[in-house]
Amino acid sequence: MKSILLGTAALAMTATVALAQDTVRMGTEGAYPPYNFINDAGEVDGFERELGDELCKRAEVTCEWVTNDWDSIIPNLVSGNYDTIMAGMSITPEREEVIGFTQNYTQPDPSSYLVLSGNEGIDLGGAVIAAQTGTIQAAFVAESGATLVEYATPDETVAAVRNGEADAVLADKSYLAPVADESDDVMLLEQDEMIGGGVGMGLRQSDTELKEKFDAAIQSMKDDGSLNELLVKWEIGAPF
Amino acid sequence: MSCWETIADYGLRSIGIGERLLPRDNFTLCQQVTLIGSGMLWNIYFGIVALVTGFFLATALAVGKASKITPVRKLAEWVIFVFRGSPLFIQFFFAYFLFLSLKGVSSAFDPLTSAWLGAALVLFLNTAAYTGEIFYGALLSVPKGDVEAADAYGFSGWPRFKKIVWPTMLRLAWPAYTNEAIFLFHATTLVFFSGFPAWQQRGDALYYANYFADKTFNPFVPYPILAGYFILLTLCVVGLFGLINKRLNRHLPKERRQKMRMRPRLLMR
Amino acid sequence: MFSWCTDPNAIDGLAWLSCYLTTGKHLSIYVSVGTVLLLLAITAPVALAFGFGGAMAARSHFPPLSWAGRAYIAIVRGVPDIAFFLFFVIALDQFFEWIRHEVKCPDWDQPIRQGNDFVVCAEAKLPLSTAAQWVHETYGFSLAVLTFSIVFGAFAANVLFGAMRAVPHAQLETAEAYGMTRRQTFWRILVPQMWVYALPGLSNLWMVLIKATPLLFLLGVEDIVYWARELGGSKTAKFTDYPHPDWRVWYFLALLVFYLAFTRVSEIVLDRIMKRLTHGQATMGGEAQRKAS
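Chains as they are written, first to last, in the working numbering: chain A, 151 to 390; chain B, 11 to 279; chain C, -17 to 275.
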């Protein structure tokens, strides 16, 4: 008797959840190429846009993209203003205490140092290293003993190296590599730091059903190689 | 770790004394209150420095704006207009940009890109412009009789200004000036938020509140703590300015001594 | 936008600029100018209403109401607006959803807070998750208006409270002598006269409000400063057809001009209103007007 009752309750719940998730709202930052950025047409674009659209197709849900400031991206998820986060967010134990993650859809992306060209002999231990406020790289530099200087946006960290305020920037390699490629005045150091895990899609911990759907979709993209194609196309870390 | 130890470790963290590393996990309420309080040191520093230095420039700007000499008047008008007419957000951006370029010219300008000097300079100019407008309004409201009486007693030029006009102007401007001081302390939270970089995780109260909100993903604890500190600070400012106001008006007969009553005409900003 | 824009790499000079300034992304910044103006236009009267309510509460003869009014003014004025914006919108949103939840889903048996999550029934969501994107944006915009209004309402309340006390007492006594009730005195004598005392304070508040708009992005509204930073930041050729180095200075310069011009126009308009309000009032300004005419 009890189990039947539970069964109907569960059914009823699925019904409401399905209603709630006719449209899945995908939260992103829109300021972190190649993961996500706003293109010339003013729309969300990038690796995660393309991946997310494909995942939604496979999970058979309609998706809508919304941008949100990085600082409040998790509080807005847990209070229900959107349903997922795809914003180049590494899976970390601290974040996992608050939100749920799908399996990772990128390999752990190494972080690298960007310095002025000709400055490759720099002693990182005694250097001034710039990082964006509140990133895992900022925490890493603070622990390493080098002098940390924090800026509000990734742009400003690169500018800080160019104008001599900092000796190096520490940020995700996939973010810094295009910057170094396109200008002669800055370059990447050989040395990489492995901080943070792979990037995953963040969801509310109570949204287990949606999580399973997207987990299955990511798995299917890993299996048929389409995820690797995207990773290569957008030059994000190593393929699976 | 007891709360006293936390205070010993982090109480002066914002100026680089104490533990080198910020807490990483198991955040306690005590840590949040201590570190955010430690950051308040910067807000108080910026507020006091800008207020004290800005006071003098504001007097000069007010006199300049009331001046009969056209270039002087125009200059004062423009300084007041530009600094009152644009968001502090944008002023910080341009100031930082300018200071960086100056740094390229000569190493004498190096300290300008640090918050302690650069941001203090911007806040000084900003508050001087707002206060200058308040003082200007007050200057025009100085009763004609006061000035005529001063003339009759043989005062003129600088002594007349210093002994007669200036004190009356201050008395008239004081309630609005109190408001400006409150706004100024609030504005100090923008320094590390948008203007200047934070070195070695030494920031103001908002910087640490942001740090905790970012690490705990819960904005409902650190920001109200920050709000609490600022309400206390505002009460102190209002109290202190009230005392000065009393002193400014001490010569008046008791029933004419105005309480800190607002004069809406002068409520500037 | 224009026919010659198909290959931006092949063109330069003015043609390039004309294409660059009309990309979809640039259209967003032009729209955001409208958003900011609209927000100001709605916030001003709403904040004034909050201020009026706050001031009336503060001078009420019913102590709890008076305390509530004074506490509202003191607390909100005491807190920097940034600190307020950083958590208040989420709190406000959750509060509305919670109320709707209580009304619409009385037999929901699960807790609202599940661990860190804030979960209400699907019918109580604001807006419904099935709603179109523009509904979500309008809702976000309204929340921003409400938050701005609550903050600036406290300042307005302070100004109006002072203005109500500045109306000469003799005026009110005369009204009572003519047999007006307290309510009549308030609405027919005090309120019409207080504006002339309140206007300088309110004008300044309007100026402060204009200059607080760069904080809109904290409330989830993409304002002009947000877009200026986004557009001005350096762009690599990989992600755009219009690569450029850090151009934020130019965008911020444009913003500076916008804000200065807006301030100037506001000053002129407010001056005119002040002249009109002063007409026939028992103040020095009113006296001067009377003598001049």
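Glycine is no exception: its CB is placed at the ideal position from the N, C-alpha and C atoms. From a predicted model like this one, the values you see are computed outputs, not experimental measurements.
| query | result |
| --- | --- |
| Local conformation of C/THR195 per DSSP, three classes | helix |
| Short CB-CB distance (under 8 Å) between A/VAL265 and chain B | no |
| Residue span of the beta strand (DSSP E) that contains B/VAL201, given as start and end | B/VAL201 -> no beta strand (DSSP E), and no H or E assigned at all. |
| Pairwise C-alpha distance: A/LYS383 and A/CYS206 | 20 Å |
| Pairwise C-alpha distance: B/ALA60 and A/ASP186 | The question names Asp, yet the displayed sequence has Asn at residue 186 of chain A. C-alpha separation (whole angstroms): 41 Å. |
| Cβ neighbours of A/ASP335 in the same chain (closer than 7 Å, five flanking residues each side left out) | LEU266, SER267, ARG312 |
| Neighbourhood of C/HIS118 by C-beta distance below 7 Å, restricted to the same chain and skipping five residues each side | PRO109 |
| Cβ separation of C/THR245 and C/LEU201, assumed to be a contact under 8 Å, to the nearest whole Å | The pair is not a contact, with the Cβ atoms about 22 Å apart (cut-off 8 Å). |
| Anticipated Cβ contact below 8 Å, A/ILE188 with A/GLY348, distance rounded | With 8 Å as the limit, A/ILE188 and A/GLY348 do not qualify as a contact, their Cβ atoms being about 24 Å apart. |
| Expected contact under 8 Å - CB spacing of B/THR141 and B/ALA215 to nearest Å | With 8 Å as the limit, B/THR141 and B/ALA215 do not qualify as a contact, their Cβ atoms being about 24 Å apart. |
| Euclidean distance between Cα positions of C/MET146 and A/ALA296 | 59 Å |
| Contacts of A/VAL319 in chain B (Cβ-Cβ under 8 Å) | Near A/VAL319 there are no residues of chain B at all, since even the closest Cβ is about 12 Å away, more than 8 Å. |
| Contact under 8 Å by Cβ, C/MET176 with C/LEU154 | no |
| C/ARG170 - containing beta strand (DSSP E), residue span | C/ARG170 -> no beta strand (DSSP E), and no H or E assigned at all. |
| Stretch-stretch touch, CB-based, cutoff 8 Å, three pairs: the segment 206 to 220 of chain B with the segment 232 to 250 of chain B | yes |
| C-beta neighbour in chain A for B/LYS224, strict 8 Å | Correcting the residue identity first, residue 224 of chain B is Asp in this sequence and not Lys. At least one chain A Cβ lies under 8 Å of B/ASP224. |
| Among C/VAL178, C/PRO227, C/SER124, nearest to A/GLU332 - alpha-carbon criterion | C/PRO227 |
| Cβ pair A/ALA209, A/LYS363 closer than 8 Å | yes |
| Any 3 or more C-beta pairs closer than 8 Å across the segment 29 to 49 of chain B and the segment 12 to 20 of chain B | yes |
| Contact belief for B/TRP209 with A/VAL299 at Cβ below 8 Å, rounded distance in angstroms | 5 Å |
| CA-to-CA distance, A/VAL194 to A/GLY180, given in whole angstroms | 6 Å |
| Run of the alpha helix (DSSP H) containing A/GLU210, from where it starts to where it stops | It is not in any alpha helix (DSSP H) - A/GLU210 carries neither H nor E in the DSSP assignment. |
| Within-8 Å CB hit, A/LEU380 to chain C | no |
| Reference A/GLY352; option with closest CA among A/GLY202, A/PRO183, A/ALA277, A/GLY314 | A/GLY202 |
| Any non-hydrogen atom of the ligand ATP closer than 7 Å to C/TRP90 Cβ | This structure lacks the ligand ATP; in fact it carries no ligand of any kind. |
| Among C/PHE221, C/PHE234, C/TRP229, C/ASP223, the one whose alpha carbon lies nearest that of C/VAL207 | C/PHE234 |
| Residue-level contact to chain A via CB, B/GLN211, 8 Å cutoff | yes |
| Per-residue contacts from A/PRO304 into chain B (C-beta, under 7 Å) | Within 7 Å Cβ-Cβ: nothing; A/PRO304 doesn't reach chain B, min ~13 Å. |
| Residues near C/GLU84 in its chain [Cβ-Cβ closer than 6 Å; skip 5 each side] | none |
| Simplified DSSP assignment, three categories, for C/ALA73 | helix |
| Backbone secondary structure at A/THR299 - three-state DSSP | As written in the sequence, residue 299 of chain A is Val, which differs from the Thr given in the question. Strand, per DSSP. |
| Rounded separation between C/ALA106 and C/LYS86 - CA only | 6 Å |
| Against chain B: residues of the segment 54 to 75 of chain C by CB proximity under 9 Å | ALA56, ILE57, ARG59, GLY60, VAL61, PRO62, ASP63, ILE64, ALA65, PHE66, LEU68, PHE69, PHE70, ILE72, ALA73 |
| Reference A/THR173, options C/ARG82, C/PRO196, C/THR112, C/TRP188, closest by Cα | C/THR112 |
| A/ALA318, enclosing beta strand (DSSP E) - first and last residue | 318 to 322 |
| Chain-ordered chain B contacts of C/THR218 [CB-CB under 8 Å] | Here the premise fails: no neighbours, minimum Cβ distance about 22 Å. |
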